[in-house]
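First to last, the sequence lines map onto chains A and B. With the working numbering, the residue at position 268 of the first sequence is 419, and numbering never jumps. With the working numbering, the residue at position 394 of the second sequence is 545, and numbering never jumps. Input: a single structure, listed below in structure tokens.
2 protein chains.
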Amino acid sequence: MAEQTKFLLDESRLPEAWYNIMADLPAPPPPPLHPGTGQPIGPADLAPLFPMSLIMQEVSGERFIAIPEEVRAAYRLWRPTPLYRAHRLEQALDTPARIFYKYEGVSPAGSHKPNTAVPQAYYNKAEGVKRIATETGAGQWGSSIAFAAKLFDLECKVYMVRISYDQKPYRRAMMQTWGASVVASPSEDTQIGRKIRAEQPDSLGSLGIAISEAVEDAATRDDTKYALGSVLNHVLLHQTVIGLEAIDQLDMAGAYPDVVIGCTGGGSNFGGIALPFVREKLAGKNIRIIAVEPAACPTLTRGVYAYDFGDTGGLAPLMPMHTLGHNFMPAGIHSGGLRYHGMSPLVSHLYNLKLIEAQAHTQRACFEAGLQFAQTEGIIPAPEATHAIRATVDEALRCKEEGTARTILFNLSGHGHFDMAAWDSYLSGEMVDYELPDAEIQRALSDIALLPKVPVTA
Amino acid sequence: MAEQTKFLLDESRLPEAWYNIMADLPAPPPPPLHPGTGQPIGPADLAPLFPMSLIMQEVSGERFIAIPEEVRAAYRLWRPTPLYRAHRLEQALDTPARIFYKYEGVSPAGSHKPNTAVPQAYYNKAEGVKRIATETGAGQWGSSIAFAAKLFDLECKVYMVRISYDQKPYRRAMMQTWGASVVASPSEDTQIGRKIRAEQPDSLGSLGIAISEAVEDAATRDDTKYALGSVLNHVLLHQTVIGLEAIDQLDMAGAYPDVVIGCTGGGSNFGGIALPFVREKLAGKNIRIIAVEPAACPTLTRGVYAYDFGDTGGLAPLMPMHTLGHNFMPAGIHSGGLRYHGMSPLVSHLYNLKLIEAQAHTQRACFEAGLQFAQTEGIIPAPEATHAIRATVDEALRCKEEGTARTILFNLSGHGHFDMAAWDSYLSGEMVDYELPDAEIQRALSDIALLPKVPVTA
């Protein structure tokens with residue numbers, strides 16, 4: 152009899168509440184500031200963009216926040232997700248380490264993003280909103296919110312970064328299959344979009360520009376709110392179902408992690424797997440928690456901690472975060488979901504508090520580990536997720552060198568079915584590595600020079 | 152508390168044996184014939200192409216055939232697959248019917264095909280084979296055998312129909328990610344390929360041609376065997392894990408099907424869900440079992456029952472089956488996996504025995520039902536699977552008209568992540584319907600006129 156491979160939770164064990172780490176932090180992160188006044192923002196400032204229940208979650212200090220039954224019913228379409236023991240990868244690495252991975256690619260959209268798209272759609276619907284506007288880069292978030300909006304009968308408008316719109320027609324088709332209206336950004340549909348198109352008719356767009364367009368759309372229409380797929384506290388809150396389930400599943404497996412690993416772009420899948428374990432670490436458990444970012448967009452490892460805009464247009468609040476500057480344009484790596492100039496304030500704060508570590512890796516090193524994973528475990532990972540795999544393989548090889556049998560848990564945030572062009576590029580040897588030059592960081596940081604400074608707290 | 156959505160079996164409940172319907176049939180199907188001599192073929196005739204354990208399964212009369220532990224260990228990477236209750240689809244249709252679906256898209260390759268690719272790779276490995284040659288049309292089978300070959304450390308060569316090779320580079324990349332060597336068919340690598348290329352330099356290829364190439368490759372190399380993803384008895388045997396699991400899962404749900412539905416190309420996913428229920432029907436249960444095929448390739452509903460070659464080149468055995476003739480070239484519908492001129496001898500035989508029914512639908516009608524499914528249940532189905540959804544929706548709507556609450560089970564054989572161009576074509580209104588003209592059938596059948604006739608058995 153082979154050892155168990157998958158640890159499944161029955162639907163009845165779907166978490167009943169999200170975990171809010173704000174209740175357990177030794178010090179809260181600094182407040183976000185109003186982009187116009189530079190003063191701390193209050194709930195009223197966010198009301199044009201978000202429904203009040205999400206704003207209240209953004210600032211809540213409650214340790215657990217109940218998941219509405221309608222959200223749990225939708226989660227049941229794919230959750231609880233499986234926890235795998237990576238027997239075949241362990242064997243290929245000849246490591247004494249025990250490797251587990253939580254697989255979020257089983258959602259209809261193929262990543263962890265629906266974990267927050269679904270509650271966001273639900274709360275908007277509950278407060279009478281008719282229409283959601285959002286942005287998407289590679290398309291993971293756009294397709295997730297399109298799916299969630301359809302479940303709750305909301306209209307959905309997605310501003311998709313032009314280069315992705317052109318290069319990833321299948322992600323666009325996926326959003327349209329779920330009924331969303333998709334437009335290439337910069338578009339003619341917003342003031343900021345028209346302005347940028349007038350100045351740069353050939354603009355390929357960026358996530359920062361697309362955010363500006365979606366925020367403007369929501370702020371200027373009564374029937375519409377904005378939805379963000381990462382960065383904010385309430386997004387990370389919703390993602391904690393990942394880590395909460397993983398704790399139960401590791402328990403089924405009779406295991407406890409020494410190391411927890413996730414890739415980081417805006418911070419949402421990392422927060423999802425990590426925050427429930429940060430809680431355990433704060434309660435005395437000895438766990439290393441590692442955020443893995445691309446060497447081409449190294450916000451934690453090489454950015455500065457500062458107030459910066461979440462978007463390019465300066466419409467979004469100023470957030471205290473590790474950032475490369477809001478005009479930073481990351482190189483065209485295949486991990487579109489990790490190409491964001493900033494980092495979730497919560498993840499940034501945990502990094503400052505030394506509750507988590509960070510690593511950066513180049514994309515070829517990540518695909519190399521991802522290929523070994525695909526050829527042993529079967530699942531072809533999304534480029535973003537290969538960052539977590541790289542760090543996991545490195546850790547497992549260290550275990551082999553040291554002869555220690557640590558238990559590693561990583562989050563496999565999504566599958567690579569919509570990223571096969573990236574795999575093709577890797578396999579054909581065409582993939583290029585990017586490391587950010589120091590000079591580029593200095594230049595990128597100049598755009599935050601005049602913004603308010605973060606008070607020293609820690 | 153919402154009603155349960157997913158019915159999951161723990162790994163410990165993975166079937167321990169495949170079900171072989173040959174043990175329970177009132178009469179066996181006629182034997183396949185040697186393509187050269189026209190005489191019934193014996194195990195020795197198949198030995199150049201298949202390992203002996205698969206040949207023995209092809210002709211076995213044992214009711215249950217044990218699944219080797221190595222195969223079960225690999226199955227655990229994704230099996231048991233979930234059974235879903237389609238609450239949201241039922242609600243959208245406002246039907247009293249209870250709709251269940253078995254979801255095979257959770258496999259690494261995204262369809263049911265690995266259910267047989269894995270044991271085929273295992274048995275080849277066990278008998279010392281080093282290399283597998285096969286064909287693929289849309290790419291589902293090729294990617295599944297590439298995945299399985301990698302698990303058992305076999306080389307894998309895939310002859311991919313040229314038009315798919317050009318139009319579906321992501322399926323090709325998927326096979327290459329799992330280490331397979333992929334070539335466009337007709338290729339320069341075989342005699343039959345070179346012959347066809349000499350005659351038709353612009354040939355787009357066909358499944359029949361690609362089969363001929365792979366068979367020639369295997370027959371002419373000592374280290375190589377051939378693998379087929381559908382049609383044959385041993386393939387359908389392996390696929391019965393689908394129906395066996397579904398019986399257990401429906402039991403968990405306190406349900407029993409009145410109607411069982413699957414789409415049919417070569418017959419493997421249909422056989423997988425249907426055969427265990429045919430057994431129950433033979434034992435007295437009142438179940439309707441429906442095979443759904445494309446109107447553009449209607450082998451069961453409009454083909455004839457005759458001996459015909461499984462391939463275009465006439466290298467494969469003559470099989471007793473419903474066929475449109477081995478030179479039949481189906482229209483370019485998006486359900487590449489259903490574009491086969493013949494039908495599994497076992498499924499053909501069940502149809503003759505009136506143990507199963509058949510329906511044919513045009514592709515737009517199928518995508519219409521598939522879209523409603525995607526927008527309610529979330530999963531975007533493969534074009535092939537939309538045929539089963541069309542028949543399911545029709546049946547559920549009949550239940551509504553009649554006011555009867557029948558229980559319907561269908562097999563969702565795969566997801567549509569690699570078919571988004573087809574969804575784009577449907578959503579943009581560009582998709583065209585094909586119905587086969589009668590004259591075309593007459594013409595297609597002329598190529599079997601001189602072949603041996605099937606003895607009248609039933």
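The beta-carbon is built from N, C-alpha and C at its ideal position, and this holds for glycine as well. Quick caveat: nothing in here was measured; it's all calculated off a predicted structure.
Asked                                                                                                                                                                                                : Found
Assuming residue 593(A) is part of the alpha helix (DSSP H), what are its boundary residues?                                                                                                         : 589-596
Mind reading off the beta-carbon distance from residue 252(A) to residue 563(A)? Whole number of angstroms is fine, and I expect it under 8 angstroms.                                               : 5 angstroms
Specify the secondary structure class of residue 371(B) as computed by DSSP and reduced to three states.                                                                                             : coil
For a contact meaning CB atoms closer than 7 angstroms, what does residue 574(B) contact in chain D?                                                                                                 : In the structure shown, chain D does not exist; the protein chains are A and B.
So the candidates are 476(B), 378(B), 395(B), 311(B); which of them puts its Cα closest to the Cα of residue 598(B)?                                                                                 : 476(B)
Please state the DSSP three-state secondary structure of residue 460(A).                                                                                                                             : strand
In chain A, which residues lie less than 9 angstroms from residue 320(B) when you measure between Cβ atoms?                                                                                          : 571, 572, 575
Grab me the residues of residue 200(A)'s own chain with a C-beta within less than 7 angstroms of its C-beta, minus the 5 sequence neighbours each way, in chain order.                               : 366, 369, 370, 376, 377
Using a Cβ-Cβ cut-off of less than 9 angstroms, give me the residues of the stretch 287-314 of chain A that come near chain B, in sequence order.                                                    : 298, 301, 302
Could you name the residues of the same chain whose beta carbon sits closer than 6 angstroms to that of residue 258(B), not counting the 5 residues immediately before and after it, in chain order? : 229, 265
By the criterion of Cβ-Cβ separation under 7 angstroms, what are the contact partners of residue 157(A) in chain B?                                                                                  : 162, 227
Assuming residue 364(B) contacts residue 337(B) (C-beta within less than 8 angstroms), just tell me the rounded distance between them.                                                               : 7 angstroms
Give me the Cα-Cα distance between residue 361(B) and residue 463(A), rounded to the nearest whole angstrom.                                                                                         : 52 angstroms
Assign residue 168(B) to one of three DSSP states: helix, strand, or coil.                                                                                                                           : strand
Any chance you could list the beta strand (DSSP E) runs of at least 3 consecutive residues sitting entirely within the stretch 398-449 of chain B, in chain order?                                   : 410-414, 439-445
Looking at chain B, is there any beta carbon in it that lies within less than 7 angstroms of the beta carbon of residue 526(A)?                                                                      : yes
For the stretch 249-261 of chain A, which residues have a CB atom closer than 9 angstroms to at least one CB atom of chain B, in sequence order?                                                     : 257, 258, 259, 260, 261
If contacts are defined as beta-carbon pairs under 8 angstroms, then residue 390(B) and residue 416(B) qualify, I think. What distance do you get, rounded to the angstrom?                          : Residue 390(B) to residue 416(B), Cβ: 13 angstroms. No contact.
Residue 518(B) and residue 582(B) look like a contact to me (Cβ under 8 angstroms); what is the Cβ gap, rounded to whole Å?                                                                          : 7 angstroms
Can you give me, in chain order, the residues of the stretch 486-512 of chain A that have a beta carbon less than 7 angstroms from any beta carbon in chain B?                                       : none
Could you say which of 455(B), 298(B), 605(B) lies nearest to residue 261(B) if we only look at CA atoms?                                                                                            : 298(B)
How is the alpha helix (DSSP H) around residue 203(B) delimited, first residue to last?                                                                                                              : 203-209
Could you check whether the Cβ of residue 344(B) sits closer than 7 angstroms to any Cβ belonging to chain A?                                                                                        : no
Got a sec, what are the start and stop residues for the beta strand (DSSP E) residue 347(A) sits in?                                                                                                 : Where residue 347(A) is concerned, there is no enclosing beta strand (DSSP E), although the alpha helix (DSSP H) it sits in stretches over 342-350.
Is there at least one Cβ from chain B nearer than 7 angstroms to residue 218(A)'s Cβ?                                                                                                                : no
Thinking C-beta only, is residue 443(B) closer than 7 angstroms to residue 595(B)?                                                                                                                   : no
For residue 535(B) versus residue 576(B), is the C-beta distance shorter than 7 angstroms?                                                                                                           : no
By DSSP, does residue 562(B) sit in helix, in strand, or in coil?                                                                                                                                    : strand
Within 10 angstroms of its Cβ, does residue 604(A) collect 16 or more other Cβ (buried), or is it exposed?                                                                                           : exposed
Mind the definition here: the stretch 306-319 of chain B touches the stretch 402-417 of chain B only if three or more C-beta pairs lie below 8 angstroms; say whether that holds.                    : no
Could you tell me whether the Cβ of residue 627(B) comes closer than 7 angstroms to any Cβ of chain A?                                                                                               : Residue numbering for chain B in the displayed model covers 152 to 609; residue 627(B) lies beyond these limits and cannot be assessed.
Would you identify the three-state DSSP class for residue 491(A), choosing helix, strand or coil?                                                                                                    : coil
Output the distance between the C-alpha atoms of residue 355(A) and residue 318(A), rounded to the nearest integer angstrom.                                                                         : 11 angstroms
With DSSP as the reference, identify every bridge partner of residue 470(A), one or two as the case may be.                                                                                          : 459(A)
Give me the Cα-Cα distance between residue 161(A) and residue 478(A), rounded to the nearest whole angstrom.                                                                                         : 46 angstroms
Count the CB pairs spanning the stretch 489-497 of chain B and the stretch 550-568 of chain B that are closer than 8 angstroms, and state whether there are at least three.                          : no
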